[in-house]
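Single-structure report; data block below.
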Amino acid sequence: MATAITGIPSIFRAARASIRRAATAAVCALLCAGFAGASRVECVDYGEHLHWIGGVSAPDVVRGVAVSGNYAYVACGTAGLRVIDISNPATPQIVGAVDTPGTANGVAVAGAYAYVADGASGLQVITVANPASPQIVGHATTPSYSRGVAVSGNLAVVANDWYGVHAIDITVPEDPQAVSGVDTPGSAYGVAVSGNYAYVADVTSGLQVVDISDPEHLQIVGGVVPAGVSAYGVAVSGRHAYVADFGARLHVIDVLDPASPQVVGSVATPGSARGVVVAGSHAYVANNFSGLLSVDVTNPASPQVVGIADTGGNAMGVAVSGGCAYVASALLGLQVIDVTYPTSPQLVGGAVTPGMALGVTLAGSRAYVADDESGLQVIDIADPAAPEIFGNADTPGLARGVAVSGSFAFVADESAGLQVIDISDGRNPQTVGSLDTTPHYAYDVCVSGDYAYLAVSGGSGLQVVDVTNPTNPYLRGGVSLPDVAQAVVVSGNFAYVAAWSAGLVVIDVSNPALPSITSSVDTPGNAWDVIVVGNYAYVADSFSGLQVIDLADLSSPHIVGGVRLPDAALGVDIHGNYAYVAGRESGLQVVDITTPASPQLVGGVDTPNYSEGVAVSASHVFVVASEFGLQIAPLQCAGATAAPSWSGPADLKLYQNRPNPFNPRTTIAFDLPEAARVELAVYDAAGRLVRTLIADRDFSEGHHEQVWDGRDPFGNELAAGVYLYRLEAGNRLETGRMVLVK
38 MATAITGIPS IFRAARASIR RAATAAVCAL LCAGFAGASR VECVDYGEHL
88 HWIGGVSAPD VVRGVAVSGN YAYVACGTAG LRVIDISNPA TPQIVGAVDT
138 PGTANGVAVA GAYAYVADGA SGLQVITVAN PASPQIVGHA TTPSYSRGVA
188 VSGNLAVVAN DWYGVHAIDI TVPEDPQAVS GVDTPGSAYG VAVSGNYAYV
238 ADVTSGLQVV DISDPEHLQI VGGVVPAGVS AYGVAVSGRH AYVADFGARL
288 HVIDVLDPAS PQVVGSVATP GSARGVVVAG SHAYVANNFS GLLSVDVTNP
338 ASPQVVGIAD TGGNAMGVAV SGGCAYVASA LLGLQVIDVT YPTSPQLVGG
388 AVTPGMALGV TLAGSRAYVA DDESGLQVID IADPAAPEIF GNADTPGLAR
438 GVAVSGSFAF VADESAGLQV IDISDGRNPQ TVGSLDTTPH YAYDVCVSGD
488 YAYLAVSGGS GLQVVDVTNP TNPYLRGGVS LPDVAQAVVV SGNFAYVAAW
538 SAGLVVIDVS NPALPSITSS VDTPGNAWDV IVVGNYAYVA DSFSGLQVID
588 LADLSSPHIV GGVRLPDAAL GVDIHGNYAY VAGRESGLQV VDITTPASPQ
638 LVGGVDTPNY SEGVAVSASH VFVVASEFGL QIAPLQCAGA TAAPSWSGPA
688 DLKLYQNRPN PFNPRTTIAF DLPEAARVEL AVYDAAGRLV RTLIADRDFS
738 EGHHEQVWDG RDPFGNELAA GVYLYRLEAG NRLETGRMVL VK
C-alpha cells in the first residue's frame, strides 16, 4: 500500500523541515539509541509506555496549567482562565470560564482560589469554589508584565519579567496586597517556591534564588547561570531545582545551600524546554516542538530522557496528577498524557533518505520509499535493525506515493504523473515508462492486475491506467471526484479513494474504461489515507483521527466507529487486530480494532520529524518520517491488554454530528445500550451552556437522533464558531465537537 502527504507546497515543506531539523536531531538520537540487538524484539505492548490519551481545545494560546482535584486550570492568553473537568482524563471538558483583563500567562491554585499571572494586569484572584462559575474577586497590580506565579501559604510570588519577582499577601484573597519586590538580573519568566525560598527562571540569568522569609524585604541570596542558558521554567523537588532551558536542555541544580546553587547535571532536550514539573523519580518537560519529555532523574548528576509523547502543538507548561500529565499545548489546548509508564518503546532501526520520505510500500525484503525530490529509494530491510539504501531512481517530479507489482515500481510523481521503474535489479532501478497527467498532480497509486489506479488533483480524481505493457502505460478511463484524491486502494471490483474534505468515495472499476462512483461517505475530518480489510475501510482522517466505515452494503457505506489521536492522522495500515496510524507530529499510533465499531487507542512511539505514511509487514512497522527517511518499529503484541482508558463503556455511542461543519442545521445521533434518562446539551467553546436539546427525558434502548438549528432557546441565531455537545445517559457521559459556519 502507498501513502502520501499532499496539499502542502514544496516551499512550505522545506521551511517546515528547516525549522524542525535542529529540534528533531536529538529525537532521532534518543529513539535510535539501543538499535544494536533491537531486531530480536518481536513485539511490544505500546500501552505499557508513555502515551497520549485525550485532549480539549481552548479559545486562545494556552500558556500555563495547574491541577487541583478533578479540575485543571488553564491560562488561555487573552481568553483568560478555563476550568476543565478531568475526572475522565480521556475526555476532558471545559466547564467554566472567566475572561481576565490582561493576558493569562500562568496559574496556581490554592484552596478555593486560582491565582493568574495576567500580563500587564498583574495578579488576578479568581474564586473557583464553583468550578462552573469562576469569578474574579480581587487583583493586585505589579510593576511589569506578569509571567508566572507560585503560591505558598498566605503569599503569592509573581514572576514579573524584567522587574524580577514580587510578593503579594493573599491572606484575604479578595483583597491581595503587594508587599515588596526584588529586581533580578535577567527577565523572570517562571517561579517555584519551596520553604523560605523562591526559585526564579530568569532567562539569560539562569536560576536566581530569592529569600522570601521576610515578604517585606525580598532578597536575592544566590544564583547560577549555566552556559548559554535561557531559563523559562523551574520546579523544585527535595534538594534540587530543575530548570527548563529554552536552549534545548534541562538543568539539575543542587540548592541544598541556596546561597551557592550548583549545576550537577543536565540533558539535551529535542526542542526548546518551556516548563517542568517533578513527580517521583521523573521530571516531565513541556518541550515546545517535541511535546512532553519524561526524564529519569534518579541520578541527578546524569538525567536521562526516557520517553517522548508529542502533543501536536507547542508545549508551554505541564502539571502531573494521578498518573496523568496535563500539558498546556499552545496551539491545541490541554493535552493529557498517561505517565503511568514513563518510558517510550524503542525503535528497531532507521535509514535516513536524501529527500523527504512521503510514501512507502513493501515487497519481500525491500522497502520502496517515495522520497519527494529524490525520487524512488530502494531499501534493504532484511535486517530491520540495520536497513540499507542500496538503490535509487531519480524521477522528474516529486515522488509522493509508490506501489509495487512484480518487478516494477509505480511512482505517483506529482507534476510528472506516473513513473514506471524496473526494479528487477534493486541496486540499479531504471525508469522504463511514464504517463503525463498534466495539468493534474499524481498523489498516490495502487496497482491491481493490469491496471494502476492514480489518485490525482483537480477534477480528474481517479485515473485508471493500463500497465499491461509497463513501458507504455496509457490512460484507460477516469472519474472526477468532489475534492482532491489523496490516496487510493483497490479491493475486488472497487476502488476506495480518500478524497480530502469529501471523505471516502467508493468507485466501481469493474469496467476500467468507465469507472463510476457507487457511493460516498463524508468523514468528519479530511481523508488522507485509506485501507480496506474485510467489510471495513479504515480512514486516516486528519484531526478526526481514525474513522472506521462499514462497507457491507456498498450502496450505503457508513461510519461505525472512530478514535481520536494526538494530532492529524496521515497514513494507516492494518496487521491483525491493530491499525497502525502515522500521526503528523505524534509518530506511530497503535489502535486496537478487534471491535471495529469501537476502536481503542493503545499507545505509540514518537518518530523523528513528521510521520507521513506507514506500511506493515509480518514482523515490523515501517514509518516514513519526512527528512529522517524510513523508521522501523516493532509490532504491537497480539492479545496484549490495551492501555488504561477512561473513555467509559464502549456500548454507549455518541456520533459525530452530521453535517459538520454545518449551516444552519445539523443532526446529532447516539446509541443507547439500554433504556436511560438522557440529557443532550450544547455549549460554546468557553464552556457556557447555549441550548439544551434534550432535557432529562427517558429514552429506549437503540439509535436516536436530535436536530439542532444553530439557535439559542429564544430562536436567535448563534455566531459562527466551535460548539461542544454533551450527552449524559444515566451515569455515563460522552461529548463531541462541531463547527457552525456562516
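Each step along the sequence shown adds one to the number in my numbering, with nothing skipped, and position 180 is 217. Cβ atoms here follow ideal geometry from the backbone N, Cα and C, with glycine treated the same way. Here the structure is a predicted model, which means the values were calculated and not measured.
Between Leu287 and Ala316, the C-beta spacing is not below 8 Å. Going by C-alpha positions, Pro561 is about 28 Å away from Val484.
Secondary structure within the segment 635-714: the beta strand (DSSP E) runs of 3 or more consecutive residues, fully enclosed, are 637-642, 650-653, 657-661, 667-673 and 703-709 (chain order).
The straight-line gap separating the alpha-carbon atoms of Thr128 and Pro552 is approximately 43 Å. Pairing Ser656 with Val385, the inter-Cα distance amounts to about 11 Å. In the three-state DSSP reduction, Ser217 falls in the strand class (E or B).
Using a Cβ distance threshold of 8 Å, Leu329 and Val304 do not count as a contacting pair. Scanning Val660, Leu255, Ala713 and Gly133 for the CA closest to the CA of Val397 turns up Val660.
Check the Cα spacing between Gly443 and each of Ala577, Val504 and Pro337: the tightest is with Val504. Taken through DSSP and simplified to helix, strand or coil, Glu85 comes out as helix.
DSSP, reduced to helix, strand and coil, places Gly495 within a helical segment of the structure shown.
Positions of the beta strand (DSSP E) runs, each at least 3 residues long and wholly inside the segment 405-457, are given as 413-417, 425-430, 438-442 and 445-449 in order along the chain. In terms of Cα proximity to Leu602, the closest of Glu451, Ser579, Ala589 and Ala225 is Ser579. With respect to the 8 Å criterion, His277 and Val266 are not classified as neighbours on the basis of their beta carbons.
A contact between stretches requires three or more CB pairs, one per stretch, nearer than 8 Å, and the segment 403-416 fails this requirement with the segment 371-386. In the three-state reduction of the DSSP assignment, Trp199 falls in the coil class. Residue environment for His176: buried (at least 16 other C-beta atoms within 10 angstroms of its C-beta).
Judged by DSSP in its simplified three-state form, Asn325 adopts strand. Residue environment for Gln161: buried (at least 16 other C-beta atoms within 10 angstroms of its C-beta). In the structure shown, the three-state DSSP call for Trp537 is strand.
Boundaries of the beta strand (DSSP E) around Ser358: Ala352 to Ser358. Listed in chain order, the beta strand (DSSP E) runs fully inside the segment 505-552 are 511-516, 524-528, 531-535 and 541-545, counting runs of at least 3 residues. When secondary structure is reduced to three states using DSSP, His254 falls in the coil class, being assigned neither helix nor strand. Judged by their CB atoms, Tyr110 and Val98 are not nearer to each other than the 8 Å cut-off. When secondary structure is reduced to three states using DSSP, Ile290 falls in the strand class.
In terms of Cα proximity to Arg774, the closest of Gln637, Tyr720 and Ser250 is Tyr720. The distance from the Cβ of Ser592 to that of Thr555 is about 7 Å, consistent with a contact at the 8 Å cut-off.
DSSP places His741 in the strand class (E or B) of the three-state scheme. In chain order, Val271, Ala272, Val273, Leu287, His288, Val289, Ile290, Val313, Val315, Ala320 and Val334 place their CB closer than 8 Å to the CB of Tyr279, counting only its own chain and leaving out the 5 sequence neighbours on each side. Listed in chain order, the non-local C-beta contacts of Gln341 below 6 Å within the same chain comprise Asp333, local neighbours out to five positions each way being set aside.
Put simply, of Leu625, Tyr692 and His612 the residue whose alpha carbon is nearest the alpha carbon of Ala634 is Tyr692. With a beta-carbon spacing of about 6 Å, Leu499 and Ala522 fall inside the 8 Å limit used to define contacts. For Gly227, the enclosing beta strand (DSSP E) has its first and last residue at Gly227 to Ser231. The alpha-carbon of Gly232 is positioned some 43 Å away from that of Leu625. The three-state secondary structure of Leu588, taken from DSSP, is coil. Pro671 is classed as buried because its beta carbon has at least 16 other beta carbons within 10 Å across all chains shown.
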